[in-house]
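For the record, the sequence lines run as chains H and W. Here the first sequence stands for residues 154 to 770, where the numbers follow my numbering. Here the second sequence stands for residues 68 to 658, where the numbers follow my numbering. Some notes on the structure that comes next.
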Amino acid sequence: MTAKGNEHVTVKGGDEGVTAETNEHATATRRGPMTSEERELLPTATAAQTRAAVWRLARPHGLAALGGFAVLVVATGIGLLTAPVLGHIIDLVTRGRPAEAITEPVVWLVAIAVGYGVATAIGVSLVARLGEGMLATLRERFVDTALGLPLDQVERAGSGDLTARVTSDVAVITNAVRDALPALARSVLTIALTLVGMAVLDWRFLLVALLAVPIQAHTLRWYVRRAVPLYASQRVAVGVQQQLLLGTVGGAATVRAFRLADRHVSMVGTGSRAAVDLAVAGVRLVTRFYGRLNLAEWVGLSAVLVTGFLLVRGGGVTIGTAGAAALYFHSLFTPVNIALGLVDDAQAAAAGLARLVGVVDAAAAPAPPPASGSPAVDVRVSDVRYAYRSGHPVLRGVSLDIAAKEKVALVGASGAGKTTLAKLIAGIHAPDSGSITVDSGSVTVGGGDRKVALLTQEVHVFTGPLADDLRLAKPEADDEELVAALDLVGALAWARALPEGLETVVGESGHRLTAAQAQQLALARLVLADPPVVVLDEATAEAGSAGARALEASAAAAMEGRTALVVAHRLTQAASADRVVLLEEGRVAETGTHDELVRAGDRYAALWEAWSGHREG
Amino acid sequence: MPIEGRDVLRRAITGQWKQSAGGAVLAASHQTGEALVPVVVGVVIDQAISGGDGRALVTWIAVLALVFAVLSSSYRFSARAAEKAAELAAHELRLALTGRVLEHRAGAETGRLPGELVSIATSDAKRVGAVNVALASGVAALAGLLAGGVALLMVSVPLGLLVLLGVPPLLALAHLLGRPLERRSGAEQERAARASGVAADLIAGLRVLKGIGAERAAVDRYRVTSRDALAATVRAAKAQAWHDGGMLILTGVFIAVVALVGGRLAAQGDISVGGLVAAVGLAQFLLTPLSILAWANGEFAQGRASAARIASVLSSPPAVAGGEGDLPADVRGGLALKGVSYGVLREVSVEVAPGELLGVVTTDPSAAIALLKVLGRAADPESGVVELDGVSLSSIEPGQVRRAIVVAEHDADLFEGTLLENVSAAAAAASAEPGTAVTAGPGWEVSAGSGSDVAALRAMATAGRAMAAAAADQVAAALPYGMDTPLTERGLSLSGGQRQRVALARALAAAPPVLVLHDPTTAVDAATEARIAKGIRTAREGRTTIMVVTSPALLAGADRVIFMDGDGRITHGTHAELVHDHETYRATVLT
């Protein structure tokens with residue numbers, strides 16, 4: 154048996170009912186059985202490329218960015234006036250001023266509070282608009298590019314890679330933009346301006362406050378070194394736990410049928426326990442981190458108090474100033490903890506950003522939709538050879554002409570190269586040698602002028618109203634066209650019977666369609682897209698035997714009037730085709746009509762006999 | 068007695084009471100320490116800085132160190148204990164839920180999607196577990212409030228009363244202000260989250276989109292969703308920003324009021340300067356424990372809701388009730404349906420002889436499903452009986468039934484693990500049980516061996532033969548590590564045909580006295596299917612096998628075929644006879 158050409162490796166993302174929240178973890182384990190040396194992961198941007206990309210995203214918003222930042226600086230500055238005003242009150246008291254004198258600075262305090270609140274709200278709003286706008290642009294460009302990537306490249310990387318980037322990386326960056334970055338920005342501003350404030354009180358306060366910095370810097374290095382790998386393995390463990398649960402719960406009927414419950418409970422137990430242990434390890438790390446930061450707090454606070462003591466004794470500053478300095482430093486505890494605690498989030502976001510930018514920079518715009526209107530188009534395959542891995546040829550010189558509007562069935566054992574030939578004709582892979590022409594023009598991988606549509610057994614129902622799903626194939630289609638397409642493939646009855654008809658939300662988070670319904674939906678999309686050439690790769694295989702017949706009728710209706718190549722398991726499909734081509738070990742072994750081949754009494758006849766079970770001897 | 072939400076919640080806490088109580092006590096000590104920091108700073112200003120007393124400075128800096136040491140280590144160990152309690156409680160709930168779902172009598176999945184159950188076993192279990200953290204934090208917040216309150220009252224009774232009585236209405240006001248904003252922002256955040264959901268959905272359907280050239284349309288649609296989400300997010304962020312800004316104003320004004328009253332008291336000489344500093348610091352500090360209390364309250368509310376969901380899964384009624392009996396001592400594998408009505412089945416009577424290879428064809432797919440359910444005791448017939456060697460299945464414990472009868476469904480799942488593990492798991496499970504003489508044809512005994520090593524070896528050998536019979540050896544040959552290739556995502560990394568062959572091999576390897584196969588080869592090519600038909604025959608030699616299929620290749624290999632048409636009429640015969648004589652049969656099977 155040849156490499157992996159015979160059975161395409163499908164990695165379906167997110168069709169198991171996982172919530173968005175859990176998807177992030179699930180993708181960590183979404184890897185096919187391919188080994189890493191076979192994978193060519195999608196590109197990741199370098200730090201410089203990432204910075205350049207962020208700069209490009211930010212540049213159109215330059216003024217807004219500057220404005221937002223300026224307002225936040227002003228807000229933080231206003232907020233920091235609280236401590237010196239409180240210090241002033243202390244001074245008024247120590248100087249023995251009357252109680253009425255307190256009123257004026259208190260009015261100041263109220264004004265500061267209002268100014269601080271309003272300015273912060275405006276600043277945060279501006280920064281949020283900027284960040285969210287950049288994020289939206291980035292994710293749009295990413296989806297744009299991702300959908301434009303040649304399937305060939307996506308398959309080599311494993312679609313898990315792409316799914317992981319669009320779910321977990323986007324989620325990490327979104328969280329960073331939404332929560333971490335504003336908090337980080339405000340904390341850093343607060344810290345910086347507080348230090349300035351302390352310097353204004355007396356430069357020596359600033360100097361001693363900085364005694365805490367070496368401890369904090371060391372703690373941070375210590376923490377990040379451990380946190381990044383720990384959290385990575387924690388995410389993987391949670392992903393594994395999720396997969397185990399999903400497999401066990403989703404397959405509960407199978408587990409019971411084979412009495413594997415004990416085994417599965419213990420598997421889930423082991424997976425869950427591993428996740429628990431890593432979570433506890435994470436808490437230990439975090440508590441040790443904050444423990445060390447507590448030391449820095451004590452060192453800094455004591456130093457400020459001692460300095461205050463010395464300066465007051467030396468007459469350098471007033472008691473109020475010393476009190477203000479102590480209050481300043483005490484108010485630094487929270488922002489410092491926030492800022493340092495967010496550093497690993499920021500690192501994760503930067504890594505995710507590099508993975509997104511890597512794909513966006515590899516840009517290739519999506520090809521235009523294929524020509525529609527089914528004019529007569531022929532397909533010529535001449536002496537095509539192809540291997541997924543060198544030395545393991547899958548196609549060994551296939552020649553095949555399909556006349557315009559002819560329906561050809563491709564049969565053969567697993568591994569004969571049927572799927573591979575189908576993919577080559579659909580332009581997903583380029584032949585190693587030989588040529589494929591459609592309508593007398595050669596097929597290029599991911600090329601522009603596509604005339605071939607490919608439908609495989611992989612079904613996907615797009616989340617949203619059924620009508621929207623159909624309109625992906627033809628955005629301008631009106632309701633009547635949709636109804637006509639559904640009717641043609643025999644799907645109208647169930648579609649009308651849905652709770653809200655064509656407006657029923659289907660897919661992952663909506664009404665669930667059966668495998669056969671999903672496949673009919675795919676055929677209806679095909680009818681709407683109206684390509685001149687269709688390739689159906691076992692598009693009726695998943696439905697079970699009873700459903701398969703109904704689907705075959707749908708498929709036949711959808712293929713009507715088009716040039717069609719059908720990879721067939723059920724030989725009834727072959728029997729109803731204009732011509733049958735039998736592939737064997739990457740070569741065309743027999744070709745002719747069903748009756749001719751059965752009469753010839755060779756390989757196809759043997760297959761037919763086996764399949765139909767001694768029918769008519 | 069049905070399990071209720073509060074039982075689940077109680078067990079989540081009492082089950083971990085040592086960690087939970089330890090966490091609460093230490094957290095209380097931490098909050099008290101935090102309350103003491105501004106007090107000590109006030110004392111330093113009063114005793115040392117105001118009076119220029121160096122010895123007092125040294126003493127109080129040392130006290131400050133002590134306070135920090137206590138609060139730091141209390142926090143460290145309380146957080147660890149509480150998180151550990153939370154994680155362990157969630158872990159135990161997860162296992163209890165898994166166990167309930169997998170129970171022989173089933174019933175937990177009724178009306179629930181797998182994703183929903185998984186979310187209950189993860190998110191809800193986590194929320195209930197997190198009640199342990201909320202409990203510790205709540206106790207700590209109360210302790211912090213108490214410590215801060217006492218300290219304030221010691222500084223000054225009126226000032227203390229002002230702060231203690233002023234903080235709760237302040238927070239209530241903030242909550243009141245925040246609620247509509249939060250509600251709105253919650254709804255908008257949800258809309259915003261949809262953007263990433265749509266993106267993931269489109270990427271998941273990448274091949275489908277490319278197949279029909281719908282990339283451009285998808286990109287355009289995504290842009291609309293994304294811009295819509297952006298607008299919602301920006302509105303939500305703005306609402307949140309103004310809410311936070313409002314909170315800053317409220318607390319700022321509150322501090323100003325404390326400063327006003329405290330400053331006047333200090334100016335009149337009622338309190339010291341250090342007392343004033345401490346009071347301002349404490350007023351700021353007290354906001355924290357109060358908001359922790361509000362947070363803990365929210366966590367408890369969420370925990371209660373989650374606990375109710377967990378309880379409803381744990382106490383869901385079984386799909387098949389009653390029947391605690393054992394299997395007959397020696398299962399020969401004779402089956403009889405006597406007047407069975409269930410679902411679309413009406414008064415069905417069929418006899419299957421021990422060792423027979425029977426084909427069953429139904430025109431109505433739901434009749435096939437109904438038949439599978441009553442045969443595996445996934446459901447009991449509404450009327451009539453299904454008998455195994457003359458014993459009614461309804462009188463046998465469902466787990467015992469499945470030792471004798473394995474129903475391999477068309478859409479059976481594969482699991483995490485290698486290909487070999489998947490195939491041999493059922494065989495290993497069967498042979499691991501002592502004293503079960505599950506007898507059958509030559510060369511296929513999987514009776515309990517003397518040692519478990521022998522049993523494991525036998526299971527391996529059985530698996531190998533089953534793989535060959537199901538043509539799953541070809542699947543292994545096409546994979547990078549053969550039989551040791553790990554299957555991911557429930558076998559979705561394999562193609563449909565590969566998956567079916569592995570699932571069939573597993574069913575054959577389990578080697579039960581009665582095996583029911585449902586459409587095992589719909590995605591397998593004709594040549595391989597012919598090979599499999601022979602393989603099933605050899606593998607099941609001498610043991611009862613029922614194939615619920617419409618594949619002519621499989622039916623041709625059966626000893627006898629039973630055909631149920633749409634009206635519930637039953638016709639017997641060989642495949643060849645039925646093809647020859649029966650119009651509807653021919654139409655069902657051959658077209």
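Don't be surprised by glycine CBs; every beta carbon is placed ideally from N, CA and C. All figures in this text were calculated on a predicted structure; none of them were measured in a lab.
Val419(W) has Leu402(W) as its beta-bridge partners, per DSSP. In the DSSP annotation of this structure, the continuous segment of the alpha helix (DSSP H) that includes Thr300(W) starts and ends at Glu282 to Ala334. For Asp690(H), same chain residues with a beta-carbon under 6 Å away, outside a window of 5 residues either side, are Thr572, Ala575, Thr609 and Val720 in chain order. According to the DSSP assignment, Phe222(H) belongs to the alpha helix (DSSP H) that extends over Gly215 to Leu233. Counted as a single uninterrupted DSSP element, the stretch harbouring Val616(W) is not any beta strand (DSSP E), since DSSP gives it neither H nor E. Taking C-beta atoms under 8 Å as the contact rule, Pro335(H) and Val280(H) qualify, at a distance of about 6 Å.
Burial check for Arg445(H): the Cβ neighbour count within 10 Å reaches 16 or more, so the residue is buried. Put simply, the backbone Cα of Gly422(H) is about 14 Å away from that of Glu483(W). Considering only beta carbons, the part of the stretch 415–430 of chain H lying closer than 7 Å to chain W consists of Arg416, His417, Val418, Val421, Gly422, Ser425, Arg426 and Val429, in chain order. For Glu633(H), the enclosing alpha helix (DSSP H) begins and ends at Asp632 to Leu641. Ranked by Cα distance from Thr552(W), the first of Glu488(W), Ala494(W) and Val581(W) is Glu488(W).
Our two residues, Gly286(H) and Gly230(H), have alpha carbons roughly 27 Å apart in a direct line. Within the DSSP bridge table, the entry for Phe630(W) names Val428(W) and Thr638(W) as partners. Non-local C-beta neighbours of Glu454(W) in its own chain, meaning closer than 6 Å and more than five positions away in sequence, comprise Ala403, ordered along the chain. By the 16-neighbour rule on beta-carbons within 10 angstroms, Thr318(W) is buried.
Within the stretch 266–325 of chain H, the runs of alpha helix (DSSP H) at least 4 residues long that lie entirely inside it are, in chain order, 304–310 and 312–317.
At the C-beta level, Val433(H) and Glu154(W) come within 8 Å of one another.
Of the candidates Leu304(H), Asp314(H), Tyr539(H) and Val330(H), the residue whose Cα lies closest to the Cα of Leu291(H) is Val330(H). CA-to-CA, the gap between Glu596(W) and Ala471(W) works out to about 26 Å. In this chain, the alpha helix (DSSP H) harbouring Pro356(W) covers Val340 to Leu381. Contact between the stretch 79–87 of chain W and the stretch 425–444 of chain H is not established, with fewer than three Cβ pairs separated by less than 8 Å. Within the stretch 259–292 of chain H, Val259, Leu262, Val263, Ile265, Ala266, Val267, Tyr269, Gly270, Val271, Thr273, Ala274, Val277, Ser278, Ala281, Arg282, Glu285, Gly286, Ala289 and Arg292 place their CB atoms closer than 7 Å to a CB of chain W, listed in sequence order.
Three or more beta-carbon pairs drawn from the stretch 610–630 of chain H and the stretch 268–283 of chain W are found closer than 8 Å, and the two stretches are therefore classed as touching. Less than 8 Å divides the Cβ of Ala494(W) from the Cβ of Ala577(W). Judged by DSSP secondary structure, Glu737(H) falls within the beta strand (DSSP E) whose first and last residues are Arg732 to Glu737.
Membership of Gly587(H) in the beta strand (DSSP E) is indicated by the continuous run Ser586 to Val591. The Cβ atoms of Val615(W) and His585(W) lie closer than 8 Å to each other. Residues are counted here when their Cβ sits less than 8 Å from a Cβ of chain H; for the stretch 289–302 of chain W these are Tyr289, Arg290, Ser293, Arg294, Ala296, Leu297, Thr300 and Val301, given in chain order. Contact between the stretch 757–765 of chain H and the stretch 110–118 of chain W is not established, with fewer than three Cβ pairs separated by less than 8 Å.
Taking a Cβ-Cβ threshold of 7 Å, none of the residues of chain H is close to Leu349(W); the smallest such distance is about 11 Å. Contact annotation: Val561(H) and Asp748(H) have beta-carbon atoms that are not nearer than 8 Å. Judged by DSSP in its simplified three-state form, Ala574(W) adopts helix. With a cutoff of 8 Å on beta-carbon distance, Gly240(H) and Thr460(H) are scored as not near each other. With respect to Ala345(W), Ile322(W) sits apart: the two C-beta atoms are not nearer than 8 Å. Cα atoms of Leu666(H) and Asp536(H): separation of roughly 42 Å, rounded to the nearest angstrom. Of all residues in the stretch 592–609 of chain W, those with a C-beta nearer than 9 Å to a C-beta of chain H are Asp592, Ala593, Ala594, Thr595, Glu596, Ala597, Arg598 and Ala600, reading in chain order.
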